[in-house]
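Student: Here it is, the structure, as structure tokens.
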Amino acid sequence: MYLWPINFRYKFGWLLGAISLGKKIAREQRIDIIDAQDPAESGLAAWFISRYLHIPLRIQIHTDFFSPWYRRASWKEWMRYWLAIFLIPKADCIRVVSERIKKSLLESGIRNQGLRIAVLPIFTDASKFVNAERDPAIDARFHDYDFKMIAVGRFVDKEKNFSMLIEIMREFIKICPRALLVVVGDGPDLKNYKLQTTNYKLQKHVIIEPWRNDLPSFLKSFDLYVMPSNYEGWGRTAIEAMAAGLPVVMTDVGLAGEIIKNGQNGIVVSVGDEKALLRAVTGLYKNNGERMRITDAAKKTAQKLEAISKSDYLALYREALISCRTYSS
Numbered sequence: 018m019y020l021w022p023i024n025f026r027y028k029f030g031w032l033l034g035a036i037s038l039g040k041k042i043a044r045e046q047r048i049d050i051i052d053a054q055d056p057a058e059s060g061l062a063a064w065f066i067s068r069y070l071h072i073p074l075r076i077q078i079h080t081d082f083f084s085p086w087y088r089r090a091s092w093k094e095w096m097r098y099w100l101a102i103f104l105i106p107k108a109d110c111i112r113v114v115s116e117r118i119k120k121s122l123l124e125s126g127i128r129n130q131g132l133r134i135a136v137l138p139i140f141t142d143a144s145k146f147v148n149a150e151r152d153p154a155i156d157a158r159f160h161d162y163d164f165k166m167i168a169v170g171r172f173v174d175k176e177k178n179f180s181m182l183i184e185i186m187r188e189f190i191k192i193c194p195r196a197l198l199v200v201v202g203d204g205p206d207l208k209n210y211k212l213q214t215t216n217y218k219l220q221k222h223v224i225i226e227p228w229r230n231d232l233p234s235f236l237k238s239f240d241l242y243v244m245p246s247n248y249e250g251w252g253r254t255a256i257e258a259m260a261a262g263l264p265v266v267m268t269d270v271g272l273a274g275e276i277i278k279n280g281q282n283g284i285v286v287s288v289g290d291e292k293a294l295l296r297a298v299t300g301l302y303k304n305n306g307e308r309m310r311i312t313d314a315a316k317k318t319a320q321k322l323e324a325i326s327k328s329d330y331l332a333l334y335r336e337a338l339i340s341c342r343t344y345s346s
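Following the numbering used here, the numbering of the sequence shown begins with 18 at its first residue and continues without gaps.
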């Protein structure tokens, strides 16, 4: 792998720089396919390069651009949605990370007749989480709590919606006075989460934790993983939690319905439904037998995913690229 930096302060300068450098590299290296990480800014640069040099273009979609929650997030997401509407029909093939995104794409009506869509989820090394040892120091740190929940992700609330999770803690501690929520990550909404926790006087019940290198073993000390996202492309952290032996409560985003099936190996609630999220968390807290049943089912799902090695995954990735290039020629 080779990386070429593009140093521009503004997006427009970055776009022109990416196109110029991309054309130069593609000529010199005799590149035979252009692969864009998204149908937004990167996709636009890739399309210009592809069109100028007559090279096949593959666009990847890692988030659910077609979710109404995505378009409502901010003016930037609204603009990226319309950019995706423009770019996707221009591609020779598309790689999406979930069946949900493929379904959204097919239902959007923007697909051209010859466009090929390949579903290839994000690789998850489940074995690291399955085989991690529980850390006694973490158990000791949280030994005062009866029920411990955890969430992991970038602190971007318009997407991850961790504020709703902090919100339900106000009611949940009335049901379980010794409950704990740990939110692991970092990002632009860090101060907002800390302020929300302080304003609600939840400092003893909500801990905002920075990114951890020992996440596989850290997860082992918790009773429940919660993903309250407004939209996701996939949701790898849910698989990691399952592999670590945690039941998962999540909103109906990303891999919900594909990997995590409501009532079978997890609990799925509607996006933005605070009351439903609280009911789901409360139900698993009160019903230990149900929690154990879902945990066992989640472990079995994770074991199946563990069987896919990184080399197998890379072979699938390579095959998808070759197929796209061959189909376009």
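Note that beta-carbon positions come from the ideal geometry of N, C-alpha and C, so glycine has one too. None of the values given here were measured: they were computed from a predicted structure.
Determine, using beta carbons only, whether L123 and P56 come nearer to each other than 9 Å.
Tutor: For L123 and P56, no; Cβs fall outside 9 Å.
Student: Pick helix, strand or coil for L137, following the three-state DSSP scheme.
Tutor: The answer is coil: DSSP assigns L137 none of H, G, I, E or B.
Student: Grouping DSSP H, G and I as helix and E and B as strand, with all else coil, what is D52?
Tutor: Strand.
Student: Can you tell me whether K218 is helix, strand or coil according to DSSP?
Tutor: Residue state, collapsed to three classes: coil.
Student: Based on the DSSP output, what are the partners of A196 in its beta bridges?
Tutor: Answer is F164, bridged to A196.
Student: In the DSSP assignment, what are the bridge partners of M244?
Tutor: Answer is M267.
Student: For my contact list, M112 and A135 are in at a C-beta cut-off of 8 Å; report their separation, rounded to the angstrom.
Tutor: This sequence places Arg at residue 112; Met is not what is there. With a Cβ gap of about 5 Å, R112 and A135 count as contacting.
Student: Got a sec, what are the start and stop residues for the beta strand (DSSP E) I111 sits in?
Tutor: That run of the beta strand (DSSP E) goes C110 to V113.
Student: Tell me whether I66 counts as near the ligand SAH, meaning its Cβ is closer than 8 Å to at least one heavy atom of that ligand.
Tutor: Questions concerning the ligand SAH fall outside what the structure shown contains, since it holds no ligand whatsoever.
Student: Between M259, I225, N230 and E249, which lies nearest to D240 when the distance is taken from Cα to Cα?
Tutor: When each option's Cα is compared against that of D240, the closest is M259.
Student: What did DSSP end up calling N178 once you bin it into helix, strand or coil?
Tutor: Three-state DSSP puts N178 in coil, outside helix and strand.
Student: Take I42 and list the residues in its own chain whose beta-carbon comes closer than 8 Å to its own, dropping the five residues that flank it on each side.
Tutor: Excluding residues within five positions, the ones whose Cβ falls inside 8 Å are W21 and I48.
Student: With DSSP as the reference, label V169 as helix, strand or coil.
Tutor: Correct three-state label for V169: strand.
Student: Would you list, in sequence order, the uninterrupted beta strand (DSSP E) runs of no fewer than 3 residues that lie entirely inside the segment 273–321?
Tutor: DSSP runs (the beta strand (DSSP E)) wholly in the segment 273–321: 284–286.
Student: Within its chain, find whatever has a CB closer than 7 Å to the CB of F140; leave out the 5 residues flanking it on each side and keep chain order.
Tutor: Cβ within range, chain order: K327 and Y330.
Student: How is L20 classed by DSSP in three states: helix, strand or coil?
Tutor: In the structure shown, L20 sits in coil (DSSP, three-state: anything other than H, G, I, E or B).
Student: Find out if the Cβ-Cβ distance for the pair A143, E257 is shorter than 9 Å.
Tutor: Taking 9 Å as the Cβ cut-off, A143 and E257 qualify as a contacting pair.
Student: Does any residue of chain C bring its CB to less than 9 Å from the CB of N282?
Tutor: Among the chains in the structure shown there is no chain C, since it carries only a single protein chain.
Student: With distances taken from CA atoms, which of F159, L182, K321 and Y162 is nearest G170?
Tutor: Of the candidates F159, L182, K321 and Y162, the one whose C-alpha sits nearest the C-alpha of G170 is L182.
Student: Measure the Cβ-Cβ separation of D231 and D206 and say whether it is below 9 Å.
Tutor: For D231 and D206, no; Cβs fall outside 9 Å.
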